[in-house]
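S.K.: The structure is given below, and queries will be raised subsequently.
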Amino acid sequence: MATKITDVLQPEEIREFTSASNLHGTFAVFLTWALIAGCFALVIAWPHPLSYVVALIVLGGRHLGLAILMHEASHRSLFAHRGVNDFVGHWLCAAPSWSDVVRYRTHHLAHHAHTGTERDTDLGLVRPFPITRGSLVRKFIRDLLGLTGIKRVVGLLMIDFGYLHYTASVDAEPIDQTGRSFGHVLRTGARNLYPMVITNGIMLAALWAAGHPWLYGLWILSYLTTFSLFLRIRAIAEHACTGNVTDPFRNTRTTRAGILARLTVAPHGVNYHLEHHLLMTVPYFRLGRLHRLLKQRGALEESPVADSYLDVLRQVTTPQPA
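Everything in the sequence shown is counted per numbering that gives the first Met the number 0, starting at 0 for the first residue and increasing by one.
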């Protein structure tokens with residue numbers, strides 16, 4: 000039974016799979032921003048309650064899409080050119096949705112190095128599972144009401160002003176404030192927040208110039224609501240209830256994704272998460288082919304592969320106790 004990717008793939012195959020592409024990176028970033036612009040255009044052309052709902056769903060998925068592209072950039076697999084990878088990954092992917100490639104990269108590589116162990120930096124996202132169905136529904140309701148999003152905003156402000164250590168997970172650790180002046184707090188906040196402020200300011204200015212500045216509210220509302228829901232479901236699917244084992248073929252889940260899932264919870268091939276953990280520098284557009292090859296060679300027979308995200312939610316929940 001395979002225990003590492005080199006048991007299944009030859010060195011030349013690994014080199015082929017891990018080759019980044021400037022063309023595919025450009026396409027992914029362009030498509031994401033084209034969908035964002037399309038949502039705004041839809042609401043302008045058809046100001047109807049249904050168009051607002053569609054926009055909130057698609058924009059929530061694009062917040063996650065930008066986060067996934069930032070994730071690609073953190074592995075330096077979004078663009079073949081390292082400078083372009085880091086610049087575009089930060090300014091066009093991370094900053095507009097209040098993220099940071101450099102800080103995220105440090106956090107995320109620790110997750111890869113210690114997946115499923117107590118040193119896993121993302122363990123807090125999946126530690127509570129399995130949970131009851133009622134508990135999961137209540138979490139989803141808090142997401143859609145914006146309560147989770149508001150909590151995330153408060154946490155990000157505490158991180159960016161230097162009161163909490165950076166985390167892309169939960170349970171951020173406090174930073175000792177001994178000797179910190181108010182001026183130092185403000186400088187720290189300004190240094191960490193300015194990319195998000197600049198990129199969102201440009202978006203607002205563009206919408207204002209187009210005569211529809213109120214559309215920026217949809218960007219914020221989707222960040223606080225649908226993005227929170229999609230982010231939660233994606234995190235659950237990747238590692239919840241896979242077992243605290245160090246075997247990379249068993250501690251991460253791949254989930255099959257249809258069109259709706261790819262538009263919301265699984266943009267840019269993030270549903271092929273097992274394959275990503277086996278070979279973390281494979282660009283998003285090759286993960287599907289890697290999945291098919293591993294399956295063909297019998298390497299995934301004992302691996303967690305779910306038929307759908309609904310299937311995952313059934314796996315990680317239990318009936319309500321009597």
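Each residue gets a CB set at the ideal place from its N, CA and C atoms; glycine is no exception.
(1) Tell me which same chain residues have a C-beta within less than 7 Å of the C-beta of L214, skipping the five on either side of it?
(2) Would you tell me roughly how many angstroms separate the C-alpha atoms of I232 and Y308, rounded to the nearest one?
(3) Applying the criterion that 16 or more other CB atoms from any shown protein chain within 10 Å of the CB defines a buried residue, is R285 buried or exposed?
(4) Is it right to say D170 is buried, meaning 16 or more other beta carbons lie within 10 angstroms of its own, or is it exposed?
(5) Ends of the alpha helix (DSSP H) at I35?
(6) Under DSSP, the alpha helix (DSSP H) around W97 begins and ends at which residues?
(7) With respect to the alpha helix (DSSP H) encompassing N199, which residues constitute its N-terminal and C-terminal limits?
(8) Please identify the residue among T2, L8, D142 whose C-alpha is closest to the C-alpha of Q295.
(9) Please state the DSSP three-state secondary structure of L299.
(10) Per DSSP, L163 is paired with what?
(11) Does the segment 223-239 come into contact with the segment 247-266, if we say contact requires no fewer than three beta-carbon pairs (one atom in each stretch) closer than 8 Å?
(12) Please determine, among Q176, Y193, W218, V101, the residue with the shortest C-alpha to C-alpha distance to L203.
(13) If you draw a straight line from the C-alpha of F128 to the C-alpha of H110, how long is it?
(14) Specify, as a first and last residue, the run of the alpha helix (DSSP H) that E12 falls within.
(15) What are the residues that DSSP puts in a beta bridge with T254?
(16) Would you kindly check if the distance between the Cβ of T131 and the Cβ of F317 is under 8 Å?
(17) With a cut-off of 8 Å on the beta carbons, I'd call V304 and F16 a contact; round off their distance for me.
(18) Could you give the distance in angstroms between the alpha-carbon of T198 and the alpha-carbon of P212?
(19) Tell me whether I4 is buried or exposed, calling it buried when 16 or more other Cβ atoms sit within 10 Å of its Cβ.
M.R.: In short:
(1) F39, V42, L206
(2) 8 Å
(3) Result: buried.
(4) Exposed, since its Cβ has fewer than 16 Cβ neighbours within 10 Å.
(5) 21-44
(6) Run containing W97: none; DSSP gives neither H nor E here.
(7) 181-208
(8) L8
(9) coil
(10) P173
(11) Yes, the segment 223-239 is in contact with the segment 247-266.
(12) The shortest Cα separation from L203 among Q176, Y193, W218, V101 belongs to W218.
(13) 18 Å
(14) 10-16
(15) A305
(16) First, the residue type needs correcting, since residue 317 is Thr and not Phe in the sequence shown. Contact flag set, yes.
(17) In fact, because the Cβ distance is near 19 Å, the residues do not count as touching under 8 Å.
(18) In a straight line, the C-alpha of T198 is about 15 Å away from that of P212.
(19) It is buried - the Cβ of I4 has at least 16 other Cβ atoms within 10 Å.
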